[in-house]
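Asks: Residue numbers (my numbering): 7 to 241. Even for Gly, the Cβ is constructed at its ideal location relative to N, Cα and C. On a predicted model such as this, the values are computed, not experimentally measured, just so you know.
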Ligand code: 5RP
């Protein structure tokens with residue numbers, strides 16, 4: 007089975023987490039695109055979606071799904087998104103598609119993050135995939151120097167502007183043995199909007215009941231009590 011087929015499988019598998027008539031958070035990327043296609047073709051009708059990128063918004067709207075502003079929804083039950091890498095503790099690198107900041111915001115507003123990633127994304131230690139860092143343009147060189155100081159080799163994603171009007175540094179060769187502490191360190195640098203590590207907040211995971219050798223669907227409980235303001239449990 008090739009990777010496109012795996013992505014289609016995980017995209018379809020995520021449908022089981024979607025409640026009819028709910029408002030869901032939707033991530034960005036080719037795996038999420040498979041989920042959106044599966045959702046549109048399914049019989050499940052949702053009330054609306056909160057989108058993590060302009061690209062996802064276009065796709066949702068083209069499929070007749072209303073996109074609403076997070077400021078008007080309050081907390082969400084689920085956020086569905088892919089990942090560039092995940093480790094055994096379900097810590098993630100995201101942002102290959104450049105949407106990391108909005109992804110982190112919508113994820114933080116959701117009680118459960120349903121991460122859909124095919125098995126090829128699993129690594130022992132995060133970091134083979136260069137870590138995306140969204141920076142305020144003025145701070146690009148400053149942040150790049152700080153990242154070199156942290157042991158990384160930042161590369162400017164030249165010509166790419168995020169949906170928020172900022173720039174991306176892709177950082178190679180960072181030591182991510184302790185991704186929780188690195189996420190905090192990078193996010194604390196002046197000029198950084200956020201980095202693509204999703205490591206700090208993952209307290210609970212449960213793998214997909216389906217064939218894990220083919221793909222992963224895991225539920226990541228973001229905060230005790232729920233980032234969106236409700237209970238939450240494992241699944
Ligand atoms: C976009 C992301 C994506 O979830 C990540 O890049 C995975 O993408 P794909 O499903 O295309 O492999 O974080 O910012």
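Have a look at residue 203 and residue 184 and give me their C-alpha separation to the nearest angstrom.
Replies: Within the chain shown, the letter at position 197 stands for residue 203. Within the chain shown, the letter at position 178 stands for residue 184. When rounded, the distance between both Cα atoms is 11 Å.
Asks: How far does the beta strand (DSSP E) with residue 25 in it reach, from first residue to last?
Replies: The residue you call residue 25 lines up with position 19 of the chain shown. Unbroken run through residue 25: none, as it is neither H nor E.
Asks: Specify, as a first and last residue, the run of the beta strand (DSSP E) that residue 132 falls within.
Replies: Numbered from its first residue, the chain shown carries residue 132 at position 126. Run containing residue 132: none; DSSP gives neither H nor E here.
Asks: Compare the Cα-Cα distances from residue 70 to each of 171, 143, 162 and 46 and report the closest residue.
Replies: Counting from 1 along the chain shown, the entry for residue 70 is found at position 64. For the residues 171, 143, 162 and 46, the minimum Cα distance to residue 70 belongs to 46.
Asks: Would the beta-carbon of residue 182 fall within 8 Å of that of residue 139?
Replies: Numbered from its first residue, the chain shown carries residue 182 at position 176. Numbered from its first residue, the chain shown carries residue 139 at position 133. Not closer than 8 Å, so no.
Asks: Please go through the same chain and pick out, in chain order, the residues whose beta-carbon is closer than 7 Å to the beta-carbon of residue 39, but skip the five residues on each side of it.
Replies: In the chain shown, the residue the question calls residue 39 occupies position 33. Within the same chain, residue 39 has close Cβ partners 65.
Asks: Quick check on the DSSP output: the alpha helix (DSSP H) that includes residue 147 runs from which residue to which?
Replies: Within the chain shown, residue 147 is the residue found at index 141, counting from 1. Counting along the chain, the alpha helix (DSSP H) containing residue 147 begins and ends at 146-155.
Asks: According to DSSP, residue 40 sits in a beta bridge with which residue or residues?
Replies: Mapped onto the chain shown, residue 40 falls at position 34. Answer is none; residue 40 lacks a bridge partner.
Asks: For the alpha helix (DSSP H) holding residue 106, just list the boundary residues, first then last.
Replies: Translated into the one-based positions of the chain shown, residue 106 becomes position 100. Residue 106 -> alpha helix (DSSP H) spans 106-114.
Asks: Within 10 Å of its beta-carbon, does residue 198 have 16 or more other beta-carbons around it, so buried, or fewer, so exposed?
Replies: Position 192 of the chain shown, counted from the start, is the residue given in the question as residue 198. Its Cβ being crowded by 16 or more others within 10 Å, residue 198 is buried.
Asks: What are the boundary residues of the beta strand (DSSP E) that residue 175 is part of?
Replies: Locating residue 175 in the chain shown gives position 169, counting from the first residue. Its beta strand (DSSP E) spans residues 173-178.
Asks: Any idea what DSSP makes of residue 9, helix, strand or coil?
Replies: By one-based count along the chain shown, residue 9 stands at place 3. Looking at residue 9 - three-state DSSP - the assignment turns out to be helix.
Asks: Alpha carbon to alpha carbon, how far is residue 119 from residue 33?
Replies: Numbered from 1 along the chain shown, position 113 holds the residue referred to as residue 119. Numbered from 1 along the chain shown, position 27 holds the residue referred to as residue 33. Distance between the alpha carbons of residue 119 and residue 33 is about 10 Å.
Asks: Report yes if the C-beta distance between residue 170 and residue 143 is below 8 Å; otherwise report no.
Replies: Working through the chain shown from its first residue, we reach residue 170 at position 164. Working through the chain shown from its first residue, we reach residue 143 at position 137. No, the pair does not count as a contact, with Cβ atoms beyond the cut-off.
Asks: For ligand 1, I want to know if residue 112 counts as a neighbour, meaning its beta carbon is within less than 7 Å of at least one of the ligand's heavy atoms.
Replies: Position 106 of the chain shown, counted from the start, is the residue given in the question as residue 112. Flag unset: Cβ of residue 112 not near ligand 1.
Asks: Is the beta carbon of residue 104 closer than 8 Å to that of residue 168?
Replies: Working through the chain shown from its first residue, we reach residue 168 at position 162. Working through the chain shown from its first residue, we reach residue 104 at position 98. In this structure, residue 104 lies closer than 8 Å to residue 168 by Cβ.
Asks: Looking at residue 106 and ligand 1, is the gap between the Cβ and the nearest heavy atom below 7 Å?
Replies: Taking the chain shown and counting its residues from 1, the one referred to as residue 106 is at position 100. Residue 106: yes, Cβ under 7 Å from ligand 1.
Asks: Just how far apart, CA to CA, sit residue 196 and residue 26?
Replies: Sequence index remark: in the chain shown, residue 196 carries index 190 (1-based). Sequence index remark: in the chain shown, residue 26 carries index 20 (1-based). Residue 196 and residue 26: Cα-Cα distance of roughly 42 Å.
Asks: Does the beta carbon of residue 36 fall short of 7 Å from some heavy atom of ligand 1?
Replies: In the chain shown, counting from the first residue as 1, residue 36 sits at position 30. Under cutoff, so the answer is yes.
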